[in-house]
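Numbering (full-length UniProt numbering), first residue to last: 1 to 842. Notes to accompany the following structure.
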Ligand code: ADP
């Protein structure tokens, strides 16, 4: 077939008509990308997390609710690496090609398998390791996260189950997406059994006729396997040469010498998947009679459907002795006999018998000859089969058209669904709280009078983060890490999506690494985000009186307002606020009026999240004004602003001999007790969030607020909300992340879990105990912070930790702070444990 490209097998099936061109064209994707392979047929030895489960290991499948690939949990088996991704094709297939890809995840992925092995099985019980014709088992895989690397399987495999086994150093993370290419194995042949091939010495040259790719048992006879006789390639005329470069003489053929067969024949047994009706068998033989090799003289075939061989065999003798020495297919008629096994005795026509391929025509399936077959008595395909050919082509075209229509139809539907869900998000809250109120006139006037920013801004997101040093754009930085920057030459690929911003899967927020009960996680988060029982009520805007501007967030300004009759409005909840002032002072966060739809949805989402959080250490949302623009959320007022500023001012007081200095006792002890008291409050709030399986993602002193009596409450659920939306970091197409607070796996894998919140808490604790004197890792540039993250990942002892703050007790630093930054997320303490430890220490 390689010598003459027009030579190829053709399968014909009677009904439905279908044409499969063998070997070179049997390269159809089998359905990992296209979805024909169902999720339940893709499994794995382990998974890093639910969002990197086996079902996400589909080639070119980057979207969906996962993290963009299958990634095994390498931590589960630190010693050896035997992880695999398994595909069940449901029936035997002839697999000629495989494709692999790493985890790209719109630029956030950094993992791929540089090398892998393949294992396969026909029955799911016995597994064979694939190797190429030279015996190499390891396949060179990917060099980056996005390019598809295709590997021709030479020899191809016949299998139902295929396993991809990444070969890697145990400390590095790999992720894979795969596809299999080939076509259904219609022969139904599951194994053949032959005597081991012989060695010929031809003019001093060693010629080996062994079955070098046989995948069954190889004792005296080769049994229970398939090999060269079914590999889809047949031998050249001159058996000394081969189509495989570098192969030894005789490679293409399996052959035997008559000297060791006193009965004058070689017996070959073929086993099939089930009982079939056999029309004929085609055997490709060498006919180099000048070297003592000839076609078989006679073939006698026995049939077996049950346990015994039937007594009446079919006997066939090729009609005329061919004059040409070319290799050829000989067709042995099998008389429509039914069998699940066939045993054929091939009688020697000369000293040697050499076969390179065997194929069967059975039942509905007919595997016909190559078009250019010569001297084949049964080859009368042309006339009789022209109509069938035309029928086949028409059928294929009809199928293709149907597939195209289905794909187009699905795309249209997806778009419609997307639009509908956006509209739903936007309208939902407003609809629930629909009650007409009057315009919030003072807001307009105060907005324009304060700084005129409201009407002049062009984007909700543009104005805040680029100015804030705590948030960094990670994508360019990540590219500088060699392991994660294979694609640095193609800079637009790594770290960012096609639009330049990293995308986090929506499912991320509910993929919670720490929990053992995934069912309950989903339930809790569904409650958090489903918005089914929103208890907040619309507060009349006219009852708010502007006092001063407190600050500015990503959505707009935050104002201090007096809220008239708020106590009455809140009813029995008034007392819990610990204030009987009237009117009540509240903080009003407003969405700037020119906010786009995304910002508006995000604002509503933050409302929905906050409305369900009720804890002494979480800032409470009191009411909302969402009936008219601008949308507002009314939260309790925290007199002392954010914790970062508060600690800075504390430092200032200390330095200038303020009240702190006038207290008794050593500064250090006094401070550490006071500061640890603050940390306990933060951890108490986080403990509450973790009890809801809620991942904050942006814990830092800047996001905690300080109220009366140094009460500390966690605020700013923007990050979690926006990550939930999937596009939080989109700021003029760029990304920002608080990299100095983020765990290594959040930066490198885009993974946010309770354990990464614990990491951020470690940094927050460090901030508290240093009185926010400096930014974490202030000596390191952003690039160096990312490089340091790589060191955490590599774990070779080169990572730099934040130093022990001066007033931090040793045990807090060693037992707690450092434990928050453990490489293995599972080894980090829970917020419950941290809370217990900190309260004990105090
Ligand atoms: P965003 O979440 O949009 O970034 P923030 O919630 O961080 O906005 O608010 C911006 C600033 O407004 C904060 O840094 C803080 O100084 C002030 N602020 C916000 N909420 C309150 C509040 N409840 N009490 C007092 N000050 C607040």
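Built from N, CA and C at the ideal position, the CB exists for glycine as well.
C-beta contact flag for residue i and residue j at 8 Å
{"i": "residue 329", "j": "residue 282", "result": "yes"}
{"i": "residue 188", "j": "residue 362", "result": "yes"}
{"i": "residue 685", "j": "residue 615", "result": "yes"}
{"i": "residue 613", "j": "residue 556", "result": "no"}
{"i": "residue 153", "j": "residue 97", "result": "yes"}
{"i": "residue 538", "j": "residue 629", "result": "no"}
{"i": "residue 853", "j": "residue 261", "result": "Outside the displayed range of the chain (1 to 842) lies residue 853, so it cannot be described from this structure."}
{"i": "residue 70", "j": "residue 56", "result": "yes"}
{"i": "residue 644", "j": "residue 608", "result": "no"}
{"i": "residue 179", "j": "residue 33", "result": "yes"}
Three-way DSSP call (helix, strand, coil) for residue i in this model
{"i": "residue 597", "result": "helix"}
{"i": "residue 388", "result": "helix"}
{"i": "residue 279", "result": "strand"}
{"i": "residue 108", "result": "coil"}
{"i": "residue 699", "result": "coil"}
{"i": "residue 509", "result": "At residue 509, the pLDDT of 29 sits below 50, so the modelled position is not reliable; the number obtained from the coordinates is stated separately. Looking at residue 509 - three-state DSSP - the assignment turns out to be helix."}
{"i": "residue 173", "result": "coil"}
{"i": "residue 244", "result": "coil"}
{"i": "residue 205", "result": "strand"}
{"i": "residue 541", "result": "helix"}
{"i": "residue 691", "result": "helix"}
{"i": "residue 71", "result": "coil"}
{"i": "residue 584", "result": "strand"}
{"i": "residue 301", "result": "strand"}
{"i": "residue 199", "result": "strand"}
{"i": "residue 522", "result": "In this prediction, residue 522 scores a pLDDT of 27, lower than 50, which makes its location untrustworthy; no coordinate-derived value is stated."}
{"i": "residue 55", "result": "helix"}
{"i": "residue 251", "result": "coil"}
Residue interval of the beta strand (DSSP E) (run including residue i)
{"i": "residue 96", "result": "85 to 101"}
{"i": "residue 132", "result": "Per DSSP, residue 132 belongs to no beta strand (DSSP E) and is neither H nor E."}
{"i": "residue 225", "result": "221 to 225"}
{"i": "residue 360", "result": "352 to 362"}
{"i": "residue 623", "result": "621 to 625"}
{"i": "residue 885", "result": "Coverage of the chain is limited to positions 1 through 842, which leaves residue 885 absent and any answer about it impossible."}
{"i": "residue 155", "result": "149 to 167"}
Buried/exposed call for residue i, threshold 16 Cβ in 10 Å
{"i": "residue 54", "result": "buried"}
{"i": "residue 141", "result": "buried"}
{"i": "residue 220", "result": "exposed"}
{"i": "residue 840", "result": "exposed"}
{"i": "residue 345", "result": "buried"}
{"i": "residue 398", "result": "exposed"}
{"i": "residue 168", "result": "buried"}
{"i": "residue 601", "result": "buried"}
{"i": "residue 642", "result": "buried"}
{"i": "residue 386", "result": "exposed"}
{"i": "residue 713", "result": "buried"}
{"i": "residue 166", "result": "buried"}
{"i": "residue 826", "result": "exposed"}
{"i": "residue 264", "result": "exposed"}
{"i": "residue 410", "result": "exposed"}
{"i": "residue 559", "result": "buried"}
{"i": "residue 136", "result": "exposed"}
{"i": "residue 596", "result": "exposed"}
For residue i, the first and last residue of its enclosing alpha helix (DSSP H)
{"i": "residue 763", "result": "754 to 769"}
{"i": "residue 744", "result": "744 to 749"}
{"i": "residue 785", "result": "782 to 794"}
{"i": "residue 834", "result": "831 to 841"}
{"i": "residue 568", "result": "566 to 570"}
Chain B contact for residue i (CB, 8 Å cutoff)
{"i": "residue 783", "result": "Note that chain B does not occur in the displayed structure, where there is just one protein chain."}
Spell out a yes or no on whether the segment 331 to 345 and the segment 286 to 303 are touching, meaning 3 or more CB-CB pairs, one atom from each, closer than 8 Å.
-> Short answer: they touch.
Hey, is the segment 809 to 819 in contact with the segment 762 to 775, meaning 3+ C-beta pairs nearer than 8 Å?
-> yes
Do the segment 631 to 650 and the segment 584 to 604 touch if we need at least three Cβ pairs shorter than 8 Å?
-> yes
Per the contact definition of three or more C-beta pairs closer than 8 Å, is the segment 739 to 756 in contact with the segment 782 to 794?
-> yes
Counting Cβ pairs, one atom from each stretch, are 3 or more of them under 8 Å apart for the segment 226 to 233 and the segment 347 to 358?
-> Output reads yes: the segment 347 to 358 touches the segment 226 to 233.
Inspect the CB distances between the segment 148 to 167 and the segment 114 to 128 and report whether three or more fall short of 8 Å.
-> yes
For the segment 309 to 323 against the segment 243 to 263, are there 3 or more C-beta pairs whose distance is under 8 Å?
-> no
Is the segment 768 to 783 touching the segment 796 to 804 in the sense that three or more CB pairs, one from each, lie closer than 8 Å?
-> yes
The segment 189 to 197 contacting the segment 208 to 225, beta-carbon criterion three pairs below 8 Å | yes
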